[in-house]
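Residue numbers (the numbering used here), protein chains in the order written: chain A, 1193 to 1424; chain B, 13 to 203.
C-beta: ideal position from N, C-alpha, C; glycine also.
The structure presented is a predicted model; accordingly, all values stated were derived computationally and were not measured.
Report on one structure; see the data block that follows.
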């Protein structure tokens, strides 16, 4: 309101002289607020402002139309789909949405797929780990966006272990196995687990699941790989 | 526009209810003008696309704040483009004078539109080239102020300094120039 104050502007007086620069957005925020306050209560100045604003609208239409790139619409619709998905998720009970890693991951993946694929060029991948000594029909899948450090491990068809043993997940890079986590499956032989790595999942070269003594091992039992294979 | 096509007001009301297809229709109908204005203001295509994307995103997020009884959609849309672009231009110049979006938006919508009349119908059918001709016909001093304010995002103080003219002179030129623009368009195109 610096200029208006310097001019000795009285908020109750008409703003004829400022209408043009107001309509052209050439006032500071404070100055605009002062003029807008007056316009709310003065029909005379409001009519002048309407006239000026409709002229500014003509100035806006002096620009030639330009055809957009297809990517502009793709990006926008991806943003909107993500927003709609977020709204829908907010309508669900929090506990239901994040009740299991799979549901949490499904939610994250939905957003990632919709936003990431279009906006950031990310891609979701499923790595099927080859069975080694797993029961027939058993499966282990790592579902992940390779550039992110987290993925979902989905295991099915394994035998539930007794208290003296555990399944152990190994992430291998440059030939060095790192223990990622230990787990047991449910009575149906299934489990969904988060796998976290300190780098993007795509940097992992191989992945394996062994059976170890309860409490886990510092190195994998090479004779006990249930699943093992490359992540490429 | 044929009568079986929904109006902008109908579409934006549906967008306020989170209707994606209504949003797409509005986008297809207006994106060329939005991108044209944004690119003209920012001065380059990539920046124009960013402003256009943010404009339509705000349409999606703020559709419920649009009141068709108080103004037409294309004016609202142009004001969003302008506010975003001017903020960006001022930011690039190292200014800290952002236009306060919420205040401006509510301000514009609080001004009831005059009833459509013959002149309004003339405006609706004008093409960009015709408006540019009318702008070119304005007295240089008035056109300069309008262009510095609208297209370059200068404040009245900056225009006053740039042109070495008193502030009151800038105010008068802006006001008279905008009024004269309509007069010229009526003279040129209402026959």
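By the three-class DSSP mapping on this structure, what secondary structure does residue 1370 (chain A) have?
Strand at residue 1370 (chain A).
Can we say the segment 1222-1231 of chain A touches the segment 175-182 of chain B, given the rule of at least three CB pairs closer than 8 Å?
The segment 1222-1231 of chain A, when compared against the segment 175-182 of chain B, does not touch it at the 8 Å Cβ threshold.
Compare the C-beta of residue 1197 (chain A) with all C-beta atoms of chain B and state if any pair is closer than 9 Å.
Per-residue confidence for residue 1197 (chain A) stands at a pLDDT of 49, beneath the threshold of 50, marking its modelled position as unreliable; no derived number is given.
DSSP-derived helix/strand/coil call for residue 156 (chain B)
Helix at residue 156 (chain B).
Run down chain B in chain order and give the residues with a C-beta less than 7 Å from the C-beta of residue 1274 (chain A).
The contacting residues do not exist; residue 1274 (chain A) stays about 11 Å from chain B at best.
Three-state secondary structure (DSSP) of residue 30 (chain B)
Here residue 30 (chain B) sits in coil by DSSP.
Residue 1257 (chain A) touches chain B at which residues, Cβ-Cβ below 8 Å?
Correct list: 44, 45, 47, 48 and 140.
Measure the C-alpha to C-alpha separation of residue 1355 (chain A) and residue 1408 (chain A) and round it to an integer number of angstroms.
In this structure, the CA atom of residue 1355 (chain A) is about 12 Å from the CA atom of residue 1408 (chain A).
Which of helix, strand or coil does DSSP assign to residue 1375 (chain A)?
DSSP, reduced to helix, strand and coil, places residue 1375 (chain A) within a strand of the structure shown.
Interface residues of chain C facing residue 1265 (chain A) [CB-CB closer than 7 Å]:
Among the chains of the structure shown, chain C does not appear; the protein chains present are A and B.
Which of the three DSSP states, helix, strand or coil, is assigned to residue 1236 (chain A)?
In the three-state scheme derived from DSSP, where H, G and I count as helix and E and B as strand, residue 1236 (chain A) is classed as helix.
Report the option in B:45, B:94 and B:195 whose CA atom is closest to the CA atom of residue 166 (chain B).
Checked all of B:45, B:94 and B:195; the closest Cα to residue 166 (chain B) is B:94.
Based on Cα-Cα distance, which residue from B:17, B:64, B:186 and B:51 lies nearest to residue 156 (chain B)?
Taking residue 156 (chain B) as reference, the option from B:17, B:64, B:186 and B:51 with the minimal CA-CA separation is B:186.
Can you tell me whether DSSP reads residue 1359 (chain A) as helix, strand or coil?
Residue state for residue 1359 (chain A) is assigned as strand, using DSSP reduced to three classes.
Closest residue to residue 38 (chain B) among B:75, B:151, B:176 and B:171 (Cα-Cα distance):
If we check each option's Cα against that of residue 38 (chain B), B:75 comes out closest.
Could you give the DSSP three-state label for residue 1406 (chain A): helix, strand or coil?
Three-state DSSP puts residue 1406 (chain A) in coil, outside helix and strand.
Which of the three DSSP states, helix, strand or coil, is assigned to residue 1422 (chain A)?
Three-state result, residue 1422 (chain A): strand.
Is residue 201 (chain B) close to chain A? Criterion is C-beta to C-beta, closer than 9 Å.
No - not a single Cβ of chain A is within 9 Å of the one on residue 201 (chain B).
is_contact[residue 18 (chain B), chain A] using C-beta, thresh 9 Å:
Taking Cβ atoms only, chain A never reaches closer than 9 Å to residue 18 (chain B), which makes this a no.
Among all the DSSP beta bridges, which residues are the ones paired with residue 1417 (chain A)?
Residue pairing by DSSP places residue 1417 (chain A) opposite A:1402 in a beta bridge.
Rounded separation between residue 122 (chain B) and residue 141 (chain B) - CA only:
Any reading at residue 122 (chain B) is ruled out, since the residue's pLDDT is 41, under 50, leaving its predicted position unreliable.
Would you check if there are 3 or more beta carbon pairs closer than 8 Å linking the segment 1367-1375 of chain A to the segment 1396-1416 of chain A?
Segments in contact, yes.
Looking at residue 1364 (chain A) and residue 1331 (chain A), is the spacing between their C-beta atoms short of 9 Å?
Not a contact, by the Cβ cut-off of 9 Å.
Looking at the secondary structure, which residues open and close the alpha helix (DSSP H) in which residue 99 (chain B) lies?
Counted as a single uninterrupted DSSP element, the alpha helix (DSSP H) harbouring residue 99 (chain B) occupies residues 85-104.
Return the bridge partner residues of residue 1319 (chain A) from the DSSP annotation.
DSSP lists A:1334 as partners of residue 1319 (chain A).
Between the alpha carbons of residue 1263 (chain A) and residue 1209 (chain A), how many angstroms are there, rounded?
Roughly 44 Å between the two C-alpha positions.
With DSSP as the reference, label residue 51 (chain B) as helix, strand or coil.
Reduced to three states, the DSSP call for residue 51 (chain B) is helix.
Closest to residue 1211 (chain A) by CA distance: which of A:1235, A:1223, A:1244 and A:1221 is it?
Nearest neighbour of residue 1211 (chain A) by Cα position, chosen from A:1235, A:1223, A:1244 and A:1221, turns out to be A:1244.
Measure the CB-CB distance between residue 1375 (chain A) and residue 1347 (chain A) and report whether it falls below 9 Å.
Pairing residue 1375 (chain A) with residue 1347 (chain A) gives a Cβ-Cβ distance under 9 Å.
For residue 68 (chain B), decide whether its Cβ has a neighbour in chain A, counting only Cβ atoms nearer than 9 Å.
Interface residue, yes.
CB residue 54 (chain B) to CB residue 89 (chain B), shorter than 9 Å?
No, they are not a contact pair.
Identify which residue in B:49, B:99 and B:139 has its Cα closest to the Cα of residue 1259 (chain A).
The shortest Cα separation from residue 1259 (chain A) among B:49, B:99 and B:139 belongs to B:49.
Using a C-beta cutoff of 9 Å, does residue 1357 (chain A) count as contacting chain B?
Chain B contact via Cβ: absent.
Going along the segment 1215-1228 of chain A in order, which residues come within less than 7 Å of chain B, judged by CB to CB distance?
If the cut-off is 7 Å between Cβ atoms, the segment 1215-1228 of chain A has 1215, 1216, 1217, 1218, 1219, 1220, 1221, 1224, 1225 and 1228 near chain B.
If contact is defined by three or more beta carbon pairs under 8 Å, each pair taking one atom from either stretch, is the segment 141-151 of chain B in contact with the segment 1247-1258 of chain A?
Touching, per the Cβ criterion.
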